[in-house]
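Residue numbers (the numbering used here): 11 to 487.
First up is the structure itself, then whatever we jot down about it.
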């Protein structure tokens, strides 16, 4: 059969369909009929080149908008439908070739730990205090993992990594320029930053976090680009992102940026194990110290003095004094979270259920002006949220997965050469940015941060898995 003739027939058939849809839309006023040719075209592209949607998803992340429907269901458009599409495509790939799961990537320890993390979420969904909320959480987590972890494992090469970051980087730089132009019209005022980042970002924290985690990726792209205008372009983009992050006035990202630099140095010096052991020791000691004789009660805020600040310098000063409302509201919820963990330490309250139950566990002396929480926001610490909702075992699984990633990043960085070495380093720095941001925010379930968390895990697993076939680099070796 002549392929050209076959293609011509399909194009003619599609043209006839477009004419019929146009007639139906005009004469019967059924404009939604255009969904049919759109779905057919999307399906055809998926069959011919499904990686197109993978790169498109990265390009859409900076432009996505959070939408809440009248029934209360929220989603991110257009990214979440594309994630679901990619998840379906991955299932079709497995049905077509079940042996796909036998490739080294899907047997890597990070994959196993991530699967264990997902299975525990499923189990705690069964034991959840509010199962419907937990089912929604589990489904959303599943297509995040399939779209950004599983698909990255299928497609990964250094060239594919660069292509994905280029698509995302160009979109992000366009959004950053738009935000900065709008912000400049206000004199880069701190109290106007939340207004100028919309509609693509819920608030300046989402914006600053995406910009912060993208800095090492764009810097890595510049590093891997040949000398000339391409390298200069991405270097300029890196400087623009650093400026944008500073002007986002997001304190967590300032700490994350410096922490990422320190983390990269620790990887270079082969001191990851030492740093992790020290961090765990300090964390445990800090928790016991705060709980000893209820010492945490000494840090309750002064209700009348804990207010919102409209100048960034005043905010920083108030933060140091414990008089910033956003910081002390976090403490209010953290205290509630600790009481919730004490009540249900093994299985937690179920994924996505912190908001549904935390108010009965709060301590009134920590209350602030915004404790009514009309936005229904979370606990503002992903590690604490994981423990509250999935129990201590869920927290341990998540922490082991993150620690193993950092350890394996050090191992891979000192094993590989050239492109892979650079990719491993900037990927690790990006993940360190995210892990630090998660200390003060719960953003893995947002489409501005969550995709890059699973992407980061997948990149390292893919790099090591590719190395196995050439020189028997065994994970855990």
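Ideal Cβ positions, reconstructed from N, Cα and C, are used throughout, including at glycine.
- Counting only residues of its own chain and dropping the five nearest sequence neighbours on each side, residue 196 has a CB closer than 6 Å to the CB of 202.
- Per DSSP, the beta-bridge partners of residue 87 are 75.
- A straight-line Cα-Cα distance of about 26 Å links residue 399 and residue 89.
- The Cβ neighbour count for residue 368, taken over all protein chains shown within 10 Å, is at least 16; the residue is labelled buried.
- It is roughly 41 Å from the alpha-carbon of residue 358 to the alpha-carbon of residue 199.
- Under the three-state reduction of DSSP output, residue 457 falls in the coil class, being neither helix nor strand.
- Under the three-state reduction of DSSP output, residue 334 falls in the strand class.
- Along the length of the stretch 204-230, whole beta strand (DSSP E) runs at least 3 residues long do not occur.
- Leaving aside the five residues that flank residue 402 on each side, the residues in its chain whose CB is nearer than 6 Å to its CB run, in chain order, 355.
- Shown here, residue 359 sits in coil according to DSSP, grouped into three states, outside any helix or strand.
- By alpha-carbon distance to residue 447, the top candidate from 471, 182, 297 and 463 is 463.
- Rounded to whole angstroms, the gap between the alpha carbons of residue 124 and residue 253 is 34 Å.
- When the five nearest sequence neighbours on each side are left out, the beta carbons in the same chain lying within less than 7 Å of the beta carbon of residue 471 are those of 115, 118, 120, 121 and 163, in order along the chain.
- One Cα belongs to residue 364, the other to residue 239, and the distance between them is close to 49 Å.
- For residue 151, the enclosing alpha helix (DSSP H) covers residues 141-155.
- Distances from the CA of residue 247 to each of 266, 263 and 224 were compared; the closest alpha carbon is that of 224.
- Annotation: the continuous alpha helix (DSSP H) that includes residue 242 extends over 239-257.
- The beta carbon of residue 468 sits closer than 6 Å to the beta carbons of 159, 162 and 163 from its chain, once the five residues preceding and following it are set aside; these are given in chain order.
- Residue environment analysis places residue 80 among the exposed positions, since fewer than 16 neighbouring C-beta atoms fall within 10 angstroms of its C-beta.
- Residue 335 and residue 207 have their alpha carbons spaced roughly 21 Å apart.
- Contact between residue 349 and residue 379 is absent: CB atoms are separated by about 22 Å, not below the 8 Å threshold.
- Taking C-beta separations shorter than 8 Å and ignoring five residues to either side along the sequence, the partners of residue 269 in its chain run 442, 443 and 446, following chain order.
- Just so you know, the alpha carbons of residue 231 and residue 266 end up roughly 20 Å apart.
- A Cβ-Cβ separation of about 23 Å leaves residue 263 out of contact with residue 296 under the 8 Å criterion.
- Your pair residue 277 and residue 419 checks out as a contact, with CB atoms roughly 6 Å apart and the cut at 8 Å.
- About 12 Å separates the CB atoms of residue 412 and residue 449; that is not less than 8 Å, and the two are not in contact.
- For residue 384, the secondary structure class from DSSP, reduced to helix, strand or coil, is coil.
- For residue 412, the enclosing alpha helix (DSSP H) has its first and last residue at 392-425.
- Here the alpha carbon of residue 425 sits roughly 36 Å from the alpha carbon of residue 260.
- In this chain, the alpha helix (DSSP H) harbouring residue 169 covers 168-194.
- A direct Cα-Cα distance of roughly 19 Å separates residue 383 from residue 456.
- In the structure shown, residue 118 adopts coil according to DSSP, grouped into three states.
- One Cα belongs to residue 178, the other to residue 68, and the distance between them is close to 5 Å.
- Its Cα nearest to that of residue 251, the residue 185 stands out among 288, 389 and 185.
- Distance between residue 148 and residue 62, taken at the CA atoms: about 26 Å.
- Annotated three-state conformation of residue 60 is coil, per DSSP.
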